[in-house]
Amino acid sequence: MTRQRHVPALDPDAAALAELRSRQRNAKTMRETGLDAVRAGLESLPHPQGMPAMESVTDHVISCDHGDLPVRVYSPVPGAVLPGIVYFHGGGMVMGSNHSFEPFARNIAAYTGHRVVAVDYHLAPEYPPPAQADDAYAATEWTAKYAADLGIAPDRISVAGDSAGGTLAALVALRARDHGGPRLLCQVLMYGGLDRDMAAESMSQFAHAPGLSRDDVFYLHDLARAGQPGPATADEVPAYADDLSGLPSAIIAVGELDPIRDWSERYARRLWEAGVQATVTRYPGVGHGFLMQMYHLARGRQALAEIAGVLRAKVAHPLPWQTADKSHE
1 MTRQRHVPAL DPDAAALAEL RSRQRNAKTM RETGLDAVRA GLESLPHPQG MPAMESVTDH
61 VISCDHGDLP VRVYSPVPGA VLPGIVYFHG GGMVMGSNHS FEPFARNIAA YTGHRVVAVD
121 YHLAPEYPPP AQADDAYAAT EWTAKYAADL GIAPDRISVA GDSAGGTLAA LVALRARDHG
181 GPRLLCQVLM YGGLDRDMAA ESMSQFAHAP GLSRDDVFYL HDLARAGQPG PATADEVPAY
241 ADDLSGLPSA IIAVGELDPI RDWSERYARR LWEAGVQATV TRYPGVGHGF LMQMYHLARG
301 RQALAEIAGV LRAKVAHPLP WQTADKSHE
């Protein structure tokens, strides 16, 4: 007798949203729709009503190796020096912008009470990897260098990202450690593409999940690396790093029905094994991108509130390196 494996169900909010999205795009896959149309569809989505008001939103341009790099700074309250988050949007490295992810960036600032520096990194395949990681690191260095001007506490800077942005946040943390870069307080990795194990169990278990399917994962990977010689390296894939010790603490959030769920949970285990403080939460009944969908999904709002609570607790206590310094006095 064959024992059938239980497949978790979407929660009611997620099921309703999946049905709506399926009707809107006539059930076409990302591959069938094509990159240009997928990009245009994402950028044309109207911003939801009721986005959190900010004290100020300012645009800046950083000069970096791949050309001008736009960043947008969200300040939730006036005047004060606040902790900072350098935020990298999702989109498989091939789509998304500060415009399309503005609702989420505003909510990160509002929920956490941090100033948020959102990075409009150059997209693949026009800019092959690791251009996206280069941009992310340049923006983090810029934030640390000009923290005083931005009203950001220089010793309380974290990196955060969702999906491809979670990949970039993890890569920035690794690069900062390896190259003596900015000392980061925390890395917030929301269902990031932290590995490239296409044979992971979650990839087959949730191969046809709404929001991101296994075919979508393959399609986005092939698009981002179009024309690139050889396989991806540790410059592109955090899990390919040999050593994860000495990294900032991590907050990892992933949906139960996400085909790349195992990538996040394995990365968390490797962080623990390397002595890095990490919390990982699997949110039931939701798939990939559920935080970005927080206006529709209660789980997304719950997750962001919990992430914000952990971040606020971290900045309210003595920093790890300050504690270490005192132990040598």
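The sequence shown begins at 1 in the UniProt record's numbering and counts up by one. Just so you know, even glycine gets a beta-carbon here, dropped at the ideal spot from N, CA and C. Here the structure is a predicted model, which means the values were calculated and not measured.
Distance from the CA of Glu236 to the CA of Leu297, rounded to the nearest whole angstrom, comes to 30 Å. When DSSP reads this structure, Val117 sits in a beta bridge with Val73, Val86. Shortest Cα-Cα distance from Ser158 to any of Gly287, Leu185, Met93 involves Leu185. The DSSP assignment places complete beta strand (DSSP E) segments of no fewer than 3 residues inside the stretch 134-199 at 152-162, 186-190, in order along the chain. Remark: fewer than three beta-carbon pairs, one from each stretch, lie closer than 8 Å, so the stretch 134-154 and the stretch 297-308 are not flagged as touching. Secondary structure of Thr112 (DSSP, three-state): helix. CA-to-CA, the gap between Val276 and Gly193 works out to about 19 Å. If you draw a 10 Å sphere on the C-beta of Thr112, you find 16 or more other C-beta atoms in it, and that means buried. About 7 Å separates the CB atoms of Ser163 and Gly289; that is less than 8 Å, so the two are in contact. Thr29 has no beta-bridge partner at all, per DSSP. Apart from sequence neighbours up to five positions away, the residues of its chain that approach Arg214 with a beta-carbon distance below 6 Å are Met203, Ala207, Pro259, ordered along the chain. Distance from the Cα of Ala105 is smallest, within the candidate group Val71, Val94, Met95, for Val71.
Relative to the Cα of Tyr191, the nearest Cα in the group Pro83, Val61, Gly161 belongs to Gly161. Thr281 has its alpha-carbon roughly 12 Å from the corresponding atom of Val188. Distance from Ala278 to Ala250 at the Cβ level is roughly 4 Å; contact confirmed, criterion being Cβ atoms closer than 8 Å. If you draw a 10 Å sphere on the C-beta of Met198, you find fewer than 16 other C-beta atoms in it, and that means exposed. The beta carbons of Pro238 and Thr167 sit closer together than 8 Å. DSSP lists Ile251 as the beta-bridge partner residues of Thr279.
DSSP places Asp215 in the helix class (H, G or I) of the three-state scheme. By the CB criterion at 8 Å, Asp120 and Leu69 fall inside the cutoff.
Its chain contains Cys64, His66, Leu69, Val119, Tyr121, His122 as the residues whose beta carbon lies nearer than 7 Å to that of Asp135, once the 5 sequence neighbours on both sides are disregarded; these appear in chain order. Nearest to Tyr127 by alpha-carbon distance, out of Val94, Glu102, Gly180, is Val94.
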